[in-house]
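J.: Position one of the first sequence corresponds to residue 1 (the UniProt record's numbering), numbered consecutively onward.
Beta carbons: idealized from backbone N, C-alpha and C, even for Gly.
Note that the structure is a prediction, hence the values are computed from the model and not measured.
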Amino acid sequence: MDKTFEPQSIEQQCYEKWEKEGFFKPSGSGDPYCILLPPPNVTGSLHMGHGFQQTIMDALTRYHRMKGDNTLWQVGTDHAGIATQMVVERKLNAEGKTRHDLGREDFIKKVWEWKAESGGTITSQMRRLGTSPDWSREVFTMDDNLSNAVTEVFVKLHEEGLIYRGKRLVNWDPVLHTAVSDLEVLNEEEDGHMWHMRYPLADGDGELVVATTRPETMLGDTAVAVHPDDERYKKLVGKHIKLPITGRLIPIIADDYVDPEFGTGCVKITPAHDFNDYDMGKRHNLEMINVLTADAKINDEAPQAYQGMDRFEARKKIVEDLDAEGLLVKIDKHKLKVPRGDRTNAVIEPYLTDQWYVAVESLAKPAIDAVESGEIRFIPENWNKTYYQWMNNIQDWCISRQLWWGHRIPAWYDDAGNVYVARTEREVRERYGLNETTELQQDEDVLDTWFSSALWPFATLGWPEETPELETFVPSSVLVTGFDIIFFWVARMIMMTKKFTGKIPFKDIYITGLIRDENGDKMSKSKGNVLDPIDLIDGIAADSLVDKRTSGMMQPQLAEKIAKRTRKEFPDGIQAYGTDALRFTFVSMASTSRDINFDMGRVEGYRNFCNKIWNASRFVLMNCEEQDTGREGGEMVLSLADRWVWAKFQQTLGEFERAIADYRFDIAAQALYEFTWNQFCDWYLELTKPVLNNDNSSEAEKRGTRHTLINVLEHLLRLLHPFMPFITDTIWQRVAAVSAVDVSDTSSIMTQPFPEQQSARQDDQVLADIEWVKTFIVGIRNIRGEMDISPNKPLNALLKHVSQEDKRRLSDADMFLDKLAKLESVKVLSEGEEAPASATALVGDMEILIPMAGLIDKDAELARLNKAMEKVEKDVARTQGKLANDKFVSNAPEAVIEKERTKLQDAEKQLEKLKAQHHTISAL
RNA sequence: GCGUCUAUAGCUCAGUUGGUUAGAGCGCUACCUUGACAUGGUAGAGGUCCCCUGUUCGAGUCAGGGUAGACGCACCA
1 MDKTFEPQSI EQQCYEKWEK EGFFKPSGSG DPYCILLPPP NVTGSLHMGH
51 GFQQTIMDAL TRYHRMKGDN TLWQVGTDHA GIATQMVVER KLNAEGKTRH
101 DLGREDFIKK VWEWKAESGG TITSQMRRLG TSPDWSREVF TMDDNLSNAV
151 TEVFVKLHEE GLIYRGKRLV NWDPVLHTAV SDLEVLNEEE DGHMWHMRYP
201 LADGDGELVV ATTRPETMLG DTAVAVHPDD ERYKKLVGKH IKLPITGRLI
251 PIIADDYVDP EFGTGCVKIT PAHDFNDYDM GKRHNLEMIN VLTADAKIND
301 EAPQAYQGMD RFEARKKIVE DLDAEGLLVK IDKHKLKVPR GDRTNAVIEP
351 YLTDQWYVAV ESLAKPAIDA VESGEIRFIP ENWNKTYYQW MNNIQDWCIS
401 RQLWWGHRIP AWYDDAGNVY VARTEREVRE RYGLNETTEL QQDEDVLDTW
451 FSSALWPFAT LGWPEETPEL ETFVPSSVLV TGFDIIFFWV ARMIMMTKKF
501 TGKIPFKDIY ITGLIRDENG DKMSKSKGNV LDPIDLIDGI AADSLVDKRT
551 SGMMQPQLAE KIAKRTRKEF PDGIQAYGTD ALRFTFVSMA STSRDINFDM
601 GRVEGYRNFC NKIWNASRFV LMNCEEQDTG REGGEMVLSL ADRWVWAKFQ
651 QTLGEFERAI ADYRFDIAAQ ALYEFTWNQF CDWYLELTKP VLNNDNSSEA
701 EKRGTRHTLI NVLEHLLRLL HPFMPFITDT IWQRVAAVSA VDVSDTSSIM
751 TQPFPEQQSA RQDDQVLADI EWVKTFIVGI RNIRGEMDIS PNKPLNALLK
801 HVSQEDKRRL SDADMFLDKL AKLESVKVLS EGEEAPASAT ALVGDMEILI
851 PMAGLIDKDA ELARLNKAME KVEKDVARTQ GKLANDKFVS NAPEAVIEKE
901 RTKLQDAEKQ LEKLKAQHHT ISAL
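1) Helix, strand or coil, according to DSSP, for residue 82 in the structure here?
2) On the CB-based measure, 16 or more other CB atoms within 10 Å of its CB, does residue 60 come out buried or exposed?
3) With a threshold of 16 other CB atoms inside 10 Å of the CB of residue 79, please say whether the residue is buried or exposed.
4) Apart from the five residues just before and just after residue 619, which ones in its own chain have a Cβ nearer than 7 Å to its Cβ?
5) Quick one: residues in its chain with C-beta nearer than 7 Å to the C-beta of residue 230, no 5 flanking neighbours on either side, listed in chain order?
6) Decide if the segment 67-78 is in contact with the segment 605-617; the criterion is three or more beta carbon pairs, one per stretch, under 8 Å apart.
7) Note down the Cα distance separating residue 203 from residue 521, rounded to an integer number of angstroms.
8) According to DSSP, what are the bridge partners of residue 851?
9) Once DSSP output is grouped into helix, strand and coil, what is the label at residue 334?
10) So residue 476 packs on residue 14, CB below 8 Å; how close in whole Å?
11) Does the distance from the C-beta atom of residue 461 to that of residue 474 stay below 8 Å?
12) Could you tell me whether the segment 795-806 touches the segment 814-827, where touching means 3 or more Cβ pairs closer than 8 Å?
13) Near residue 646, which residues of its chain fall below 6 Å by C-beta distance, leaving aside the five closest residues on each side in sequence?
14) Please name the residue in 490, 403, 678 and 905 whose C-alpha comes closest to that of residue 100.
15) Run the CB neighbour count on residue 388, radius 10 Å, all protein chains shown included, and call it buried at 16 or more, exposed below.
16) Ordered along the chain, which non-local residues of its own chain (more than five positions away) have a Cβ less than 7 Å from that of residue 358?
17) On a Cα-Cα basis, can you pick out the residue from 324, 332, 288 and 273 that is closest to residue 311?
18) In the DSSP output, which residue or residues are listed as bridge partners for residue 624?
19) Could you tell me which residues DSSP pairs with residue 1000 in its beta bridges?
20) For residue 524, write down the residues that DSSP places opposite it in a beta bridge.
21) What first and last residue would you give for the beta strand (DSSP E) that runs through residue 306?
22) Note down the Cα distance separating residue 171 from residue 275, rounded to an integer number of angstroms.
23) Considering Cα atoms alone, identify which of 540, 765 and 834 is closest to residue 567.
24) Within the segment 664-741, note down every full alpha helix (DSSP H) run reaching 4 residues or more, in order along the chain.
25) Using beta-carbon positions only, say whether residue 150 and residue 447 come within less than 8 Å of one another.
26) Can you list, in chain order, the residues of its chain whose CB lies under 6 Å from that of residue 638, leaving out five sequence neighbours each side?
27) On the DSSP bridge list, what partners appear for residue 195?
28) Does DSSP classify residue 263 as helix, strand or coil?
29) Just the C-alpha distance for residue 562 and residue 577, rounded to the nearest angstrom, thanks.
30) Output the residue ranges of the alpha helix (DSSP H) runs that lie fully inside the segment 375-440 and measure 4 residues or longer, sorted by chain position.
31) Where does residue 847 land, buried or exposed, given buried means 16+ other C-beta within 10 angstroms?
32) On the DSSP bridge list, what partners appear for residue 355?
33) Taking the alpha-carbon of residue 497 as reference, which of 239, 451, 882 and 538 has the nearest alpha-carbon?
34) Hey, out of 442, 401 and 459, whose CA is closest to residue 410's CA?
35) Do you know how far the Cα of residue 601 is from the Cα of residue 344?
36) Enumerate in chain order the residues of its own chain whose CB-to-CB distance from residue 535 is below 6 Å, with the five nearest sequence positions on each side excluded.
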């Protein structure tokens, strides 16, 4: 094995083998365990959020697979209607064409071509991450079987009256020319103005002043509203306004919705361009005049002077024109929420169009019940509040999109405009008795991408066919996803899966935090702080990283700043840390918090951890390969350390499994790290050396230690495997051959069973014994460290107050003590025997004395003692205070009081010894 | 307006139902190339647990109030 761990040299071949051997498929036996991959956009490439969530899913998948569960990780990609269409359109634009030049059919062909070429990016990146989904079941949301499911669901919901078509005000993206759902609209507060405009009464008898943030919509005003009880305007209700510029007559109406305190108390009503006005228009039966085109220009409903003008241009002109006529009262500064499309960032326009909707209320009810009853569990739990809040106020879902890429709506129109819904045109004709002479046109619209995503839990498993997978893997075990798509996706899956299978889609919903940069900023192209997980795996030179961060920017003016920042942060680029280090970083960051600041220092730390595992394994192999490890039998004697490391391993295994059951991957990772580095490497490996490098050790002792070395490592690799698949499998190949593993199946650690709890190996006595050994050794090292005694200088130790148990431990562990503390001799003083002036360390009641002659400086030792006494004195004072408090003694549980008493006794004893020591030394 | 979350070492974060001296990694200091590993070892320094008031024998942990910040939903033209 190489001296340092080189991840690049092992990962690729490992993965190819796993996939080729079919290790990712469900075993077909055991309890079902299933995870659905949230399908990434087929246009996408792997970002830190994917890396994070997929590492967690893969860890769970590998863990359950090793546990013997019938484990399926269902994988697939999403056609991502808007995103994909935009990507391909942009490519066309670069060639000087638009999608309209191609026409619908050819454009869609182009998208499929693009998908065939570039759609595999994200799945190949997933492979780099070591994920182990069942690729043989990979699906795409536009595949025939999924498309059939989409059609089926649409038709069924329509039959039940839960899908309907209607002309309503929708959120219209004037750049994309499509309706979008409420969720796709982001409302950000922006600086704007409030214009106060004079609306003269038609009878010439006065005027009303209305206040608006959107003066251009006045072209579509069909009323002015006041509050019914507003004394100022009461008598005007029923009269008419002569609307400026257009000259139309519009009524003054009364409605509770108007807040008399706000603005002037008079509201212009534009039912076709404002959601509240729309509702009021319905209530009062007002005319709805649409004055905008699909790209938000003024249409020909408006006076000619404004036609064809962009809405913001028209705003300016209208304000000018009103001002010229003396109808502009004032302009105030005003903050308002501006709706923008989440894809285009264009200002969204409420727009009157025909769209398809899902009536969600009846679907929401069972979906709420499923969480309230505890059948579905959010982790962390508080996310259910977010879920309830939305579900209890859920609005009908606009599912039609005026795009070309997506599932086309299975509805057909005849020349008279009648609409027929069925699976195919032929079914329409059969069902509605239409012969071939009736011309039918399929609806031009496609469905919201989330409509098909909502079917993911059952459509991927074969629905509407009744497949065995559907039977076995619905509900799935856990959904791992971010809180940003609870409404978009999670809630809708629950509704649809309940509706169409009667079952819940998943039992647990593990909501992960959002990965941010080290300053807590969201990673974004425009901030130039994006990290690519693949760059952390492979490394990247500074120049390449700068190029990557500054190319293809929406705002090229930021490039210079980003380049500078990047060079400052990564003057030497990013090192190649390898997949296992990155994965371990992800799991160790997976605590319950909502935002996770990604810290490069941790990746480096965990890369070092990989190297530690690598080198520890080298040590083990060096001592076990071509040696007798007890594989073929033979007498074995286990040392105290051997028995201890097994006990410690058992403890760690328990902690790990508890943490995984609680989805506390950070705790699980911490347990692994701590055991591997601080116990196995720092202590156990050191403790094997006195046995193995000792001519006095018997062959049975050596065999026992080698056996323990290789087999604890073998178990440890299996324990680590779900988090660090590559390094563990690579090392395991060599370890297995020497260990007690059955050689008939050593193809991969992946297919090995997960380590099991063995009560025979739990041993509290041996744990305490080694604690004693550690305290002994650390005590001596302490003296060395603070007294500036070279670690190479052999010491002679004297022991005072040695109990029977100390004596037993001394005899069991003497070779460990001699070697690790570098002792030349250990002598037990008999009671009353005089000791020379010494530096001391305490192990319980026992005192270790290192004679000072020629070694130890008096003042240094006094300083050290003073420091120790100070600590203990503080402790004594605190504990005494507690015990002197009657209230504490009478109220606290007996166990707590007892603890305090013991503590005080120990501390007092210690203090006494330290004082005596101090006294002796001072007297020198 | 309604709701959720966060504040602990220089930095990034853990800290279970209240109960020993509040922990880890990185960084920092000193020493050490000891035959697994300098991507290492040994020893160490470093904390007003955001503030205030309570509850309690006892509060980083519970309650109330505040400060600073993040987010979601609904919104007044």
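T.: Short version:
1) The answer is helix: DSSP assigns residue 82 an H, G or I state.
2) Counting Cβ neighbours within 10 Å, residue 60 comes out buried, since at least 16 surround it.
3) Burial call: buried.
4) Around residue 619, the same chain offers 685 as residues with beta carbons nearer than 7 Å, after the five sequence neighbours per side are excluded.
5) Excluding sequence positions up to five before and after residue 230, its CB lies within less than 7 Å of the CB of 260 and 265, all in the same chain and listed in chain order.
6) At 8 Å Cβ cutoff, the stretches do not touch.
7) Near 59 Å, if we compare the C-alpha coordinates of residue 521 and residue 203.
8) DSSP output for residue 851 lists 838 as bridge partner(s).
9) If DSSP states are grouped into helix, strand and coil, residue 334 belongs with the strands.
10) About 27 Å separates the two Cβ atoms, so there is no contact after all.
11) Inclusion of residue 461 and residue 474 in the CB contact set at 8 Å is warranted, their separation being smaller than that value.
12) Between the segment 795-806 and the segment 814-827 there are three or more inter-stretch CB-CB distances shorter than 8 Å, so the stretches are counted as touching.
13) If we look at residue 646 and ignore the five residues flanking it on each side, its Cβ neighbours are 761.
14) Considering only alpha carbons, the answer is 403.
15) For residue 388, the number of other beta carbons within 10 angstroms of its own is below 16, and it is reported as exposed.
16) So the list reads 157, 162, 163, 396, 397 and 399, once near-sequence residues are dropped.
17) The option with the nearest alpha carbon to residue 311 is 273.
18) DSSP lists no partner for residue 624.
19) Shown here, the chain extends from 1 to 924; a query on residue 1000 therefore has no answer.
20) Residue 524 is not bridged to any residue.
21) From DSSP, residue 306 is part of no beta strand (DSSP E); its letter is neither H nor E.
22) For residue 171 and residue 275, the distance between alpha carbons rounds to 9 Å.
23) Residue 540 is the option with its Cα nearest to residue 567.
24) Listed in chain order, the complete alpha helix (DSSP H) runs (minimum 4 residues) inside the segment 664-741 are 665-673, 686-692, 699-720 and 725-738.
25) Their beta carbons are under 8 Å apart, which means residue 150 touches residue 447 by this criterion.
26) Short of 6 Å from the beta carbon of residue 638, and not among the five residues preceding or following it, lie these beta carbons of its own chain, in chain order: 704.
27) 212 and 331, per the DSSP bridge assignment.
28) Of the three classes helix, strand and coil, the one that applies to residue 263 here is coil, per DSSP.
29) Cα to Cα, the separation comes out at about 24 Å.
30) With a minimum length of 4 residues, the continuous alpha helix (DSSP H) runs that stay inside the segment 375-440 are 383-391 and 425-432.
31) Buried.
32) Residue 355 pairs with 166.
33) Checking every option, the nearest Cα to that of residue 497 belongs to 451.
34) It is 442 whose Cα lies nearest to the Cα of residue 410.
35) About 36 Å.
36) Cβ neighbours of residue 535 within its own chain (closer than 6 Å, five residues either side excluded): 574.
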